[in-house]
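Only one structure is covered here, and it is reproduced in the block below.
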């Protein structure tokens with residue numbers, strides 16, 4: 008990721024189109040008739056909810072005769088698939104030991120057994136009695152499970168009664184209005200700080216089991232994101248509750264075994280916000296995607312930095328900085344704010360490491376997945392996650408290296424983040440970060456306005472290094488690379504001006520001016536000393 012001034016015109020237009028599209032889905036679009044046209048409403052208002060439920064009940068009655076894993080997963084290879092898929096899905100859950108969990112669409116208990124081993128209580132819900140009976144028989148030795156036969160669209164639970172709600176393959180059996188209501192209910196049932204986990208088949212069918220008529224709604228992942236991000240409920244006069252994304256990604260097992268990236272998980276958290284946060288957007292992710300990292304803006308940066316790169320200096324600085332890490336084949340790298348994948352692809356291909364690239368911008372990640380296919384980097388080399396680095400958790404000692412380029416400037420509590428980095432690293436692990444910094448002295452009013460408008464939290468290079476030391480790191484090196492930054496900026500301005508006609512043809516005059524003028528303003532801030540650029544290296548003892 009890199010500093011930017013969003014293309015407000017294009018971004019606003021994009022937001023408007025998305026919102027109009029979502030409103031159309033919610034209010035006007037007829038439900039697609041998928042089961043012998045049973046649900047088609049001649050008035051154009053979509054399926055009636057009772058008809059939808061009847062269709063789904065008939066569908067699952069047909070697929071619940073044996074109560075088998077194959078029926079639950081609708082896949083003839085389910086037994087083998089589940090051995091990898093089940094532990095992977097569980098690995099994305101937050102800590103729920105001693106917590107109250109609601110499992111929606113619990114089925115025959117594939118996940119109920121594992122959840123019940125740690126949870127304080129589990130409410131296992133499914134609308135097929137045959138499945139619940141099998142679940143009850145399988146888990147009869149547990150005394151912390153409540154079995155509920157109920158349609159989730161009619162289910163009600165006490166307000167703020169759950170710490171975690173787990174939903175696996177459920178929303179694709181609800182219509183759009185029901186999904187919207189689903190998110191409202193979950194927000195109410197969760198305690199503040201509680202989590203909702205959902206996993207869905209997106210875009211098309213994944214299982215290979217013959218299912219005859221198929222009423223399943225294979226939505227695009229972006230539609231689920233629109234649903235949950237637009238869900239709010241009042242908290243008090245000045246605050247409201249909403250969902251913040253922790254992580255979203257494709258299920259690795261399906262990518263590896265079926266070359267299918269359309270099995271998608273989301274972990275979202277119930278958070279309290281006031282109306283002044285995130286520059287008027289409902290979440291920081293929405294701010295990034297619609298304001299600072301619009302899809303068009305990302306492609307503009309890539310044009311300057313080089314294919315697959317959106318960080319200062321592109322491949323040149325990447326090669327220079329990565330050299331400091333002495334990467335070894337087989338090592339695990341976490342790339343925080345990995346953007347569209349340039350650094351991750353370089354490290355994976357050149358050194359044979361496996362990289363987990365996380366970025367909160369879904370636009371960045373979607374383009375990154377396209378670039379991964381373009382350069383031939385599969386999930387065994389680079390895994391992309393849409394994730395909030397301040398919320399995403401990994402097991403202790405998961406990584407050998409943590410790498411980040413011009414991203415942590417967005418994060419106020421850097422000490423808490425660096426403590427997480429320390430936990431994630433194995434002994435002897437290394438951190439390498441480049442980031443925007445500021446002068447330790449008083450700043451100009453223009454620079455203060457710029458920082459506030461971006462929502463940045465900047466430190467001087469020396470202060471940055473002290474925070475790494477406070478987090479427990481040793482052999483900390485904090486270097487002011489502002490002179491190098493200025494040199495790179497001048498080079499990038501000259502490059503852009505040299506391809507002006509090509510640039511305008513590919514984008515437009517506004518895009519050209521946006522880059523050239525923005526880079527010259529940035530160079531000016533560096534030359535007067537307000538803005539600095541730091542390079543930081545540290546090790547875990």
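Residue numbers (our numbering): 8 to 548.
Think of the CB as a built atom: it goes at the ideal place given N, C-alpha and C, for glycine as much as any other residue.
Quick check: the Cα distance between residue i and residue j, rounded to an integer number of angstroms?
i, j, result
"residue 358", "residue 149", "48 Å"
"residue 488", "residue 445", "12 Å"
"residue 494", "residue 500", "10 Å"
"residue 187", "residue 225", "16 Å"
"residue 246", "residue 280", "5 Å"
"residue 373", "residue 99", "20 Å"
"residue 352", "residue 193", "38 Å"
"residue 250", "residue 239", "8 Å"
"residue 265", "residue 154", "33 Å"
"residue 478", "residue 257", "32 Å"
"residue 179", "residue 166", "25 Å"
"residue 132", "residue 88", "24 Å"
"residue 418", "residue 222", "43 Å"
"residue 272", "residue 543", "33 Å"
"residue 267", "residue 371", "20 Å"
"residue 336", "residue 360", "5 Å"
"residue 124", "residue 317", "44 Å"
"residue 354", "residue 101", "29 Å"
"residue 457", "residue 308", "19 Å"
"residue 531", "residue 103", "50 Å"
"residue 323", "residue 437", "21 Å"
"residue 114", "residue 231", "22 Å"
For residue i, count neighbouring C-beta atoms within 10 Å of its own C-beta (all shown protein chains included) and say buried if the count is 16 or more, exposed if not.
i, result
"residue 182", "buried"
"residue 35", "Confidence at residue 35 is low in this model, with a pLDDT of 32, below 50, so the placement of that residue is unreliable and no value is reported for it."
"residue 142", "buried"
"residue 191", "exposed"
"residue 408", "buried"
"residue 208", "buried"
"residue 82", "buried"
"residue 338", "buried"
"residue 427", "buried"
"residue 468", "buried"
"residue 105", "exposed"
"residue 529", "buried"
"residue 447", "exposed"
"residue 228", "buried"
"residue 137", "buried"
"residue 303", "buried"
"residue 403", "exposed"
"residue 548", "exposed"
"residue 455", "exposed"
"residue 461", "buried"
"residue 244", "exposed"
"residue 86", "exposed"
Using C-beta distances below 8 Å, list every residue in its chain close to residue i, excluding the 5 sequence neighbours before and after it, in chain order.
i, result
"residue 118", "93, 96, 97, 110, 173 and 175"
"residue 533", "489, 492, 493, 496, 539 and 540"
"residue 535", "451"
"residue 464", "416, 417, 418, 419 and 421"
"residue 211", "225 and 269"
Give me the Cβ distance between residue i and residue j, rounded to the nearest whole Å; I'm assuming they're in contact under 8 Å.
i, j, result
"residue 328", "residue 441", "7 Å"
"residue 423", "residue 483", "Wrong, their Cβ atoms sit about 17 Å apart, outside the cutoff."
"residue 315", "residue 382", "7 Å"
"residue 401", "residue 480", "Going by Cβ atoms, the distance from residue 401 to residue 480 rounds to 17 Å, so no, they are not a contact pair."
"residue 343", "residue 411", "4 Å"
"residue 439", "residue 331", "6 Å"
"residue 475", "residue 425", "6 Å"
"residue 367", "residue 395", "5 Å"
"residue 84", "residue 116", "At roughly 20 Å, the Cβ-Cβ gap does not stay under 8 Å, so residue 84 and residue 116 are not in contact."
"residue 196", "residue 169", "5 Å"
Leaving out the 5 sequence neighbours to the left and right, which residues in its chain are closer than 7 Å to residue i when beta-carbon positions are compared?
i, result
"residue 507", "519"
"residue 177", "111, 112 and 159"
"residue 378", "315, 347 and 348"
"residue 386", "259, 262 and 263"
"residue 44", "Caution is warranted here: a pLDDT of 34 is assigned to residue 44, below 50, making its placement in the model unreliable, and the coordinate value is therefore given only provisionally. The answer is none, since no qualifying residue turns up."
Only counting the same chain, and skipping five residues up and downstream in sequence, which positions put a Cβ closer than 6 Å to that of residue i?
i, result
"residue 450", "537"
"residue 398", "253"
"residue 189", "none"
"residue 276", "202, 251 and 253"
"residue 205", "174 and 273"
"residue 393", "255, 369 and 372"
"residue 362", "340, 342, 351, 354, 355 and 389"
Counting only C-beta atoms, is residue i closer than 8 Å to chain B at any point?
i, result
"residue 133", "Of the protein chains in this structure there is only one, and it is not chain B."
Hey, which unbroken runs of the alpha helix (DSSP H) at 4 residues or more fall wholly within the segment 476–544? Runs of the alpha helix (DSSP H) inside the segment 476–544: 489–505, 507–513 and 516–534.
Jot down the residue ranges of each uninterrupted beta strand (DSSP E) in the segment 101–161, minimum 3 residues, whole runs only, in chain order. The segment 101–161 is shown to contain whole beta strand (DSSP E) runs of 3 or more residues at 107–111, 128–133 and 152–156, in chain order.
Which ranges would you report for the beta strand (DSSP E) in the segment 166–248 if only whole runs of at least 3 residues count? Taking only runs of at least 3 residues, the beta strand (DSSP E) segments lying wholly in the segment 166–248 are 169–175, 197–208 and 239–241.
Fully enclosed by the segment 420–444, which alpha helix (DSSP H) runs are 4 residues long or longer? 421–431
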